[in-house]
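To keep things clear, I will list the structure first and then write my remarks on it.
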Amino acid sequence: MALDTLTESGQNVILLPRKSQSLPVPYKRQVKYDYNVKVAHGAARRSKARGRQITVCALVLSLSVGIIVTLRHILPTSATANDLSVTSSIVLELPKISSTSKIGAVKLPNDRIPFEPRTYNNTKASDWSTITVAPGDNLSLIFGRYGFSKNDLHQILALGPQAKNLRSIKPGQQIKVRSDEDGRVIEIVQELDYLRSLHVVSELDKYSMSIVEVEPEIRHASAQAEIKHSLFLDGQAAGLSDKTIMELADIFGWDIDFVLDVRVGDRFSVVFEELFKDGEKVKSGKILAAEFVNRGEKLRAVYYPKADGTGDYYSDTGKAMRKAFLRAPVNFTRISSR
54 MALDTLTESG
64 QNVILLPRKS
74 QSLPVPYKRQ
84 VKYDYNVKVA
94 HGAARRSKAR
104 GRQITVCALV
114 LSLSVGIIVT
124 LRHILPTSAT
134 ANDLSVTSSI
144 VLELPKISST
154 SKIGAVKLPN
164 DRIPFEPRTY
174 NNTKASDWST
184 ITVAPGDNLS
194 LIFGRYGFSK
204 NDLHQILALG
214 PQAKNLRSIK
224 PGQQIKVRSD
234 EDGRVIEIVQ
244 ELDYLRSLHV
254 VSELDKYSMS
264 IVEVEPEIRH
274 ASAQAEIKHS
284 LFLDGQAAGL
294 SDKTIMELAD
304 IFGWDIDFVL
314 DVRVGDRFSV
324 VFEELFKDGE
334 KVKSGKILAA
344 EFVNRGEKLR
354 AVYYPKADGT
364 GDYYSDTGKA
374 MRKAFLRAPV
384 NFTRISSR
């Protein structure tokens, strides 16, 4: 089929196929094609998508704010990690003790250190009063000065022969007294010497009295010296007590005249006991062994205990050091080197 195309005044004209001999009618396109339509349509779609995203974000933000406000009303503002922690406990079943079970009693030591007070009842008591006896003091004056009951004083002094220690207190002695708030005496402790003390105790409104003696700690010590001045002075310089020096002279006094026989250059050595209480030395004990070299002659003595608790000194040959007569009476004012 033939087509005829005609251009008229710059416009395209489409000629219809010739079916008849009628005149061709020119067809004009009324809308021109706009190439910017596609670009504008894409921009519109992107604008709508952005709007939807903003709407969704606004909804999420609103929901978040609502949840936070709700939680703040439900939970206390001062809640901490410790307040919100959960504590769990485990219940343990302990074995049941039958009524027939025997529980052994705790044994307490029988011996006590003297001058160390103890509690005998549940009476509320004041602190211990440590009293140093002054010249001219007696127990009645002390009780009056400290406000202790005079009735208790009479009961204590009437306890027995041991109460004479409280009647014959001496200046410088220490007495410890414990009383209640009314001045009633609960306990008295009087130190008699380094190892013994008198205890007066109130039990069931009655007083009891006893002397407590502690077993000291015994340590061994030794000393030696050369005579330069006298046995007494050189013994003191070697660290010996007066008691130990006197005992040393008594051991060898049967063989040595300490007034006439001792010379410069003589020497001695001794092993002896020391008594300790609470880690503190209280006095010297007996001599266990001794040696004295007098003018070149060596004398030795060793302590040997007996079955009755006493003892004596014997030479290294087994002979008793004690003889019938002393060489000379020991007088320390005259013991010197010549």
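Per this note's numbering, residue 54 is the first one in the sequence shown, and the count goes up by one each step. Just so it is clear, CB atoms sit at the ideal spot from N, CA and C, and this is done for glycine as well. Computed from a prediction, not measured in an experiment: that's the story for all the values here.
For residue i, the three-state DSSP class (helix, strand or coil)
{"i": "S193", "result": "helix"}
{"i": "R375", "result": "coil"}
{"i": "G364", "result": "strand"}
{"i": "A187", "result": "coil"}
{"i": "S117", "result": "helix"}
{"i": "K359", "result": "coil"}
{"i": "Y260", "result": "strand"}
{"i": "H273", "result": "strand"}
{"i": "F201", "result": "coil"}
{"i": "E268", "result": "coil"}
{"i": "L293", "result": "coil"}
{"i": "I156", "result": "Per-residue confidence for I156 stands at a pLDDT of 41, beneath the threshold of 50, marking its modelled position as unreliable; the derived number appears in the next sentence. Of the three classes helix, strand and coil, the one that applies to I156 here is coil, per DSSP."}
{"i": "V242", "result": "strand"}
{"i": "R249", "result": "strand"}
Distance between residue j and residue i (C-alpha atoms, nearest Å)
{"i": "A291", "j": "R375", "result": "26 Å"}
{"i": "F311", "j": "Y366", "result": "19 Å"}
{"i": "D319", "j": "K339", "result": "23 Å"}
{"i": "K281", "j": "L313", "result": "15 Å"}
{"i": "G189", "j": "P224", "result": "8 Å"}
{"i": "E350", "j": "H273", "result": "26 Å"}
{"i": "S368", "j": "A342", "result": "10 Å"}
{"i": "F295", "j": "I209", "result": "The residue asked about is misnamed: residue 295 is Asp in this sequence, not Phe. Taking the straight line joining both Cα atoms gives about 38 Å."}
{"i": "G236", "j": "S202", "result": "6 Å"}
{"i": "R165", "j": "D308", "result": "With a pLDDT of 45 at R165, under the threshold of 50, the predicted position of this residue should be treated as unreliable, though the coordinate-derived value follows. One C-alpha to the other measures close to 44 Å."}
{"i": "I120", "j": "L112", "result": "12 Å"}
{"i": "E300", "j": "L293", "result": "11 Å"}
Cβ shell of residue i (< 7 Å), same chain only, five flanking positions each side left out
{"i": "P269", "result": "L248, L328, F329, K330, V335"}
{"i": "N218", "result": "Q243, L245, L251"}
Within-9 Å CB hit, residue i to chain D
{"i": "S261", "result": "No chain D appears in the structure shown, which is made up of a single protein chain."}
CB contact flag (residue i, residue j, <9 Å)
{"i": "F325", "j": "L284", "result": "no"}
{"i": "S193", "j": "L206", "result": "yes"}
{"i": "S337", "j": "T297", "result": "yes"}
{"i": "S232", "j": "S275", "result": "no"}
{"i": "V186", "j": "Q226", "result": "yes"}
{"i": "I228", "j": "I271", "result": "no"}
Cβ shell of residue i (< 6 Å), same chain only, five flanking positions each side left out
{"i": "M262", "result": "L212, Q215, V253"}
{"i": "E344", "result": "S322, R353"}
{"i": "D180", "result": "none"}
Residues bridged to residue i [DSSP beta-bridge criterion]
{"i": "R220", "result": "Answer by DSSP bridge pairing: none, since R220 is not bridged."}
{"i": "K336", "result": "L328"}
{"i": "I309", "result": "Beta-bridge pairing links I309 to no other residue."}
Distance cut-off 8 Å: residue i Cβ against heavy atoms of the ligand FAD
{"i": "S221", "result": "This structure lacks the ligand FAD; in fact it carries no ligand of any kind."}
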